[in-house]
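For the protein sequence lines, the chains are H and L, in the order given.
When we follow the numbering used here, the leftmost residue of the first sequence carries the number 20, and every step to the right adds one.
When we follow the numbering used here, the leftmost residue of the second sequence carries the number 311, and every step to the right adds one.
Notes to accompany the following structure.
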Amino acid sequence: MSLSPEQIRQVAQLARLQLAPEQTEHYAVQISNILAMVDELSRADTEGVLPMAHPLDMVQRLRPDVVSETNQREAMQAIAPQVADGVYLVPRVIE
Amino acid sequence: MHTLSIAELAAGLRARKFSARELAQTFLDRIAQHDGALNSFISVTAEQALVQADAADAALAAGTAAALTGIPLAQKDIFCTQGVRTSCGSKMLDSFVAPYNATIVDKLQAPSPQGAGMVMLGKANMDEFAMGSSNETSFYGPVKNPWDLERVPGGSSGGSVAAVAAGLAPVATATDTGGSIRQPASLTNLTGIKPTYGRVSRYGMIAFASSLDQAGVVARSAEDAAYVLQAMSGFDPRDSTSVDRPVDDYVAALNGSIKGLKIGLPKEYFAEGLDPGARTLIEAAIKQYEALGATVHDISLPSSPLSVPTYYVVAPAEASSNLARFDGVRYGHRAEGAKTLEELYKRSRGEGFGAEVQRRIMIGTYVLSHGYFDAYYLKAQKVRRLIYEDFKRAFETVDLVLGPTATGTAFKIGSKTDDPVAMYMNDIYTIAANLAGIPAMSLPCGFVDGLPVGMQLMGNFFSEARMLNAAHQYQLATDFHKQSPKGFK
């Protein structure tokens, strides 16, 4: 499988990554090489094999529905790049 | 002091041969003297270290000290440390000061009886977001291998291993998603263990690939590793993948006999691609195990050659999802002057992530995208089960699996940076254990041209005690692990 620079631009858009134009070509070559290596998987006979998402046969643990965490809003906002009046600031979304 | 084992350091502290403050200062001085050449630390936390050391001295005087109280350590910079920058080797988190401690940080560093009372010297360098096998992808620059400053220390836990190998810390924490504890341990003559998936809490450990990531330790011996792994392990309700099961006594298990231990040798691990010098050393190690009373058995892990392609679907897919949280809004790098929210996301991530992280996010995004999901992601998950079943079958007949950790010795800095596929092949022997979720470790077994070679032991789920026992018995009979690099005596 080989990816074109145009496909790299599409994937970067999906991943919300701004790439410099001169990077696109380079990434296309490298990622195509990686996918060529990955294509080896198609040789494996996986007829009837169940996909394995997780190494341990476990179910999601449940806990009692009680408050366990204290409010840490100020500590969390203290590390944000831009806040005002207790809210996170982003560029205007609705005109 | 920097050459003593953890048990010797603990005994020295109790006998008042030296104080925890003197011990911490000794290592801080060595860091100041040597780390300019190595770049193994991103942050050195000298002030906090001395405060923790004074608390340890008080606990030792009061008789409330735990086994590891006052022993210094380096924390890989992937573990959140409250009030201390936690960068994960990335520009994205260059200014991130963690608002809370990872569970293992509390377990290792809180005063006894809540924690082990260890003393943090600083935060160790690493590949960016733990993505790399050479520590060259770090935003803070490459780490040098203390055995040869022109060579890589391996990765992603390159700072952890370089610091311990050079005697800048007695022990260090590390993490392993595809070999990031074992491969660097192999390249720097250390003993490194990745326990069973779910054995050590991942709360506060910055996520890379959540079905593979596991925390562990790099040390100068299996005995040292056993002490620290003991203190790190255990159930944590804050980590939904943590396993609620008692922790075995790793230290007590070290001294058992390994007579009759059944060791499997997978033929796929001794095929083409293994450096002949490394092969000779590993074959000698096998003979040593036989001399210690173990029996060896030829086995096959037929799907293991597909580990690398499986991993490079599963890990990037999970990474692309985990790293979606870095948005320039709540924490981490934020691009200046973005006009729209989408531009803010794209530029913050474009500026904040380095090339390897961007490549993996794009691969992950691609294999999860509509039309490719079945061919890549679902297929990889099926092959993952085949790899897991290989091990399941093997452990019906053998106790441990032995093979190489890496294909050879440390390579030159810069020699593989332009070829991601060649770089990924470094982990050909280590990835299968992560895919299966089983514990695995690397320990020194000799030198080729003055550079260390490690062998790998893999065990069944929760067989850490048996693996550490087998490693310790080998280390009682050999002295490879006692060798240290010339420039850092």
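Cβ coordinates follow ideal geometry from the N, Cα and C atoms, glycine included.
Note that the structure is a prediction, hence the values are computed from the model and not measured.
- prompt: What are the residues that DSSP puts in a beta bridge with Asp-387/L?
  reply: Counted from its first residue, the second sequence places residue 387/L at position 77. The partner list for Asp-387/L (beta bridge, DSSP) is empty, contrary to what the question assumes.
- prompt: Under 8 angstroms between C-beta atoms, does Thr-374/L make it to chain H?
  reply: The residue labelled residue 374/L in the question sits at position 64 within the second sequence. No, because no Cβ of chain H sits closer than 8 angstroms to the Cβ of Thr-374/L.
- prompt: Are there 16 or more other CB atoms within 10 angstroms of the CB of His-791/L, so buried, or fewer, so exposed?
  reply: Residue 791/L sits at position 481 when you count from the first residue of the second sequence. Label assigned to His-791/L: buried.
- prompt: Does the beta carbon of Thr-650/L sit closer than 8 angstroms to a beta carbon anywhere in chain H?
  reply: Within the second sequence, numbered from 1, the residue matching residue 650/L stands at position 340. Thr-650/L counts as touching chain H.
Which residues DSSP lists as bridging Arg-461/L, in chain order: Numbered from its first residue, the second sequence carries residue 461/L at position 151. Arg-461/L pairs with Lys-722/L.
task: Return yes when the Cβ of Val-623/L is within less than 8 angstroms of the Cβ of Val-7/H, no when it is not.
output: Residue 7/H lies beyond the stretch modelled for chain H, which goes from 20 to 114, so this question has no answer here.
- request: Tell me whether Arg-548/L is buried or exposed, calling it buried when 16 or more other Cβ atoms sit within 10 Å of its Cβ.
  value: Locating residue 548/L in the second sequence gives position 238, counting from the first residue. Answer is exposed; the Cβ neighbour count stays below 16.
- request: Locate the alpha helix (DSSP H) running through His-344/L, then write down its first and last residues.
  value: Translated into the one-based positions of the second sequence, residue 344/L becomes position 34. Under the DSSP assignment, His-344/L falls in the alpha helix (DSSP H) whose first and last residues are 330–348.
message: Is there a Cβ of chain H sitting closer than 8 angstroms to that of Val-407/L, yes or no?
response: As a position in the second sequence, residue 407/L is number 97, starting the count at 1. Closer than 8 angstroms: yes.
task: Would you list, in chain order, the members of the region 35–56 of chain H that have their beta-carbon closer than 7 angstroms to a beta-carbon of chain L?
output: Residues of the region 35–56 of chain H that bring their beta carbon within less than 7 angstroms of a beta carbon in chain L comprise Arg-35, Leu-36, Gln-37, Leu-38, Tyr-46, Gln-49, Ile-50, Asn-52, Ile-53 and Met-56, in sequence order.
message: Is there a Cβ of chain H sitting closer than 8 angstroms to that of Gly-583/L, yes or no?
response: For the purposes of this step, residue 583/L is taken as the residue at position 273 of the second sequence. With 8 angstroms as the cut-off, Gly-583/L does not count as an interface residue toward chain H.
- prompt: For the region 659–747 of chain L, which segments carrying the alpha helix (DSSP H) assignment without a break, of at least 4 residues, lie completely within its bounds, in sequence order?
  reply: Taking only runs of at least 4 residues, the alpha helix (DSSP H) segments lying wholly in the region 659–747 of chain L are 665–678, 689–704, 730–734 and 741–746.
One or two residues paired with Lys-792/L in a DSSP bridge: Locating residue 792/L in the second sequence gives position 482, where the first residue counts as 1. Answer is none; Lys-792/L lacks a bridge partner.
- prompt: Closer than 8 angstroms, Cβ to any Cβ of chain L: which residues of the region 69–97 of chain H, in chain order?
  reply: So the close ones are Leu-69, Pro-70, Met-71, Ala-72, His-73, Pro-74, Leu-75, Met-77, Gln-79, Arg-80, Arg-82, Gln-91, Ala-94, Met-95 and Ala-97.
message: Tell me which residues of the region 768–780 of chain L have at least one Cβ-Cβ distance to chain H shorter than 9 angstroms, keeping chain order.
response: Listed by position, the residues of the region 768–780 of chain L near chain H (Cβ gap below 9 angstroms) are Phe-771.
- request: Spell out a yes or no on whether the region 421–441 of chain L and the region 464–477 of chain L are touching, meaning 3 or more CB-CB pairs, one atom from each, closer than 8 angstroms.
  value: Put simply, the region 421–441 of chain L touches the region 464–477 of chain L. At least three CB pairs are less than 8 angstroms apart.
task: Let me know the secondary structure DSSP gives Met-441/L once reduced to three states.
output: The residue given as residue 441/L occupies position 131 in the second sequence. The answer is coil: DSSP assigns Met-441/L none of H, G, I, E or B.
From Gly-664/L, Gly-769/L and Thr-715/L, residue whose alpha carbon lies closest to that of Phe-705/L: Taking the second sequence and counting its residues from 1, the one referred to as residue 705/L is at position 395. Considering only alpha carbons, the answer is Gly-769/L.
message: Using CA atoms only, rank isn't needed, just tell me which of Gly-508/L, Val-618/L and Lys-689/L is closest to Val-78/H.
response: The count along the first sequence starts at 1 and reaches residue 78/H at position 59. Closest by alpha carbon: Gly-508/L.
message: Just to check my reading of the structure: Ala-629/L and Arg-589/L have Cβ atoms closer than 8 angstroms, yes? What is that Cβ distance to the nearest angstrom?
response: Taking the second sequence and counting its residues from 1, one reaches residue 629/L at position 319. Taking the second sequence and counting its residues from 1, one reaches residue 589/L at position 279. Ala-629/L to Arg-589/L, Cβ: 33 angstroms. No contact.
task: Would you please state the rounded distance, in angstroms, between the beta carbons of Ile-697/L and Ser-614/L? I believe it to be under 8 angstroms.
output: By 1-based counting over the second sequence, the position of residue 697/L is 387. By 1-based counting over the second sequence, the position of residue 614/L is 304. With a Cβ gap of about 6 angstroms, Ile-697/L and Ser-614/L count as contacting.
field: Distance between beta carbons of Asp-546/L and Thr-396/L, contact taken as under 8 angstroms
entry: Here residue 396/L corresponds to residue number 86 of the second sequence, with the count starting at 1. Here residue 546/L corresponds to residue number 236 of the second sequence, with the count starting at 1. The Cβ separation is near 18 angstroms, so there is no contact.
task: Could you say if the region 711–731 of chain L and the region 85–104 of chain H meet the contact criterion of at least three C-beta pairs nearer than 8 angstroms?
output: no
query: Going by other Cβ atoms of all chains shown within 10 Å of its Cβ, with 16 needed for buried, is Phe-683/L buried or exposed?
result: Stepping through the second sequence from its first residue, residue 683/L is reached at position 373. With fewer than 16 Cβ atoms within 10 Å of its Cβ, Phe-683/L is classed as exposed.
- prompt: What did DSSP end up calling Gln-524/L once you bin it into helix, strand or coil?
  reply: Mapped onto the second sequence, residue 524/L falls at position 214. Secondary structure at Gln-524/L: strand, using DSSP grouped into helix, strand and coil.
field: Chain-ordered neighbours of Val-109/H on chain L, where CB pairs are closer than 7 angstroms
entry: The residue you call residue 109/H lines up with position 90 of the first sequence. Those within 7 angstroms of Val-109/H in chain L are Val-639, Leu-651 and Leu-654.
message: Buried or exposed, going by whether 16 or more other CB atoms sit within 10 Å of the CB of Pro-452/L?
response: Your numbering for residue 452/L matches position 142 in the second sequence. Per the 10 Å Cβ criterion, buried.
7 angstroms Cβ shell around Arg-536/L - same chain, five flanking residues per side excluded: Counting from 1 along the second sequence, the entry for residue 536/L is found at position 226. What sits at residue 536/L in the sequence shown is Ala, not Arg. Excluding positions up to five away in sequence, the list reads Tyr-560, Val-561, Leu-564 and Leu-778.
task: Determine the DSSP secondary structure at His-73/H, reduced to helix, strand or coil.
output: As a working mapping, residue 73/H is identified with position 54 in the first sequence. Coil, per DSSP.
Option nearest Leu-319/L by Cα separation, candidates Glu-446/L, Thr-355/L, Val-481/L and Ser-444/L: The residue you call residue 319/L lines up with position 9 of the second sequence. When each option's Cα is compared against that of Leu-319/L, the closest is Val-481/L.
query: Just checking my contact of Val-429/L with Gln-362/L at CB under 8 angstroms: how many whole Å lie between their CB atoms?
result: As a first step, residue 429/L is located in the second sequence; it is residue number 119 there, counting from the start. As a first step, residue 362/L is located in the second sequence; it is residue number 52 there, counting from the start. Right, their Cβ atoms sit about 4 angstroms apart.
task: Determine which residues share a DSSP beta bridge with Leu-767/L and list them.
output: Position 457 of the second sequence, counted from the first residue, corresponds to residue 767/L. For Leu-767/L, which the question treats as bridged, DSSP gives the partners Leu-712/L and Met-751/L.
- prompt: Is the Cβ-Cβ distance between Met-765/L and Ala-532/L less than 8 angstroms?
  reply: On the second sequence, residue 765/L is found 455 positions in, with the first residue counted as 1. On the second sequence, residue 532/L is found 222 positions in, with the first residue counted as 1. Not in contact: Met-765/L and Ala-532/L (Cβ atoms no closer than 8 angstroms).
query: Which of the residues in the region 508–521 of chain L, read from start to end, lie with their CB under 7 angstroms from any CB of chain H?
result: Gly-508 and Ser-521
task: Taking Gly-724/L as the query, report the chain H residues whose CB atoms sit under 8 angstroms from its CB, ordered along the chain.
output: In the second sequence, counting from the first residue as 1, residue 724/L sits at position 414. Those within 8 angstroms of Gly-724/L in chain H number zero; the least Cβ separation is about 16 angstroms.
message: Run through chain L and tell me which residues come within less than 7 angstroms of Glu-59/H, C-beta to C-beta.
response: The residue given as residue 59/H occupies position 40 in the first sequence. Annotation: Cβ neighbours of Glu-59/H in chain L (cutoff 7 angstroms, chain order): Leu-616 and Pro-619.
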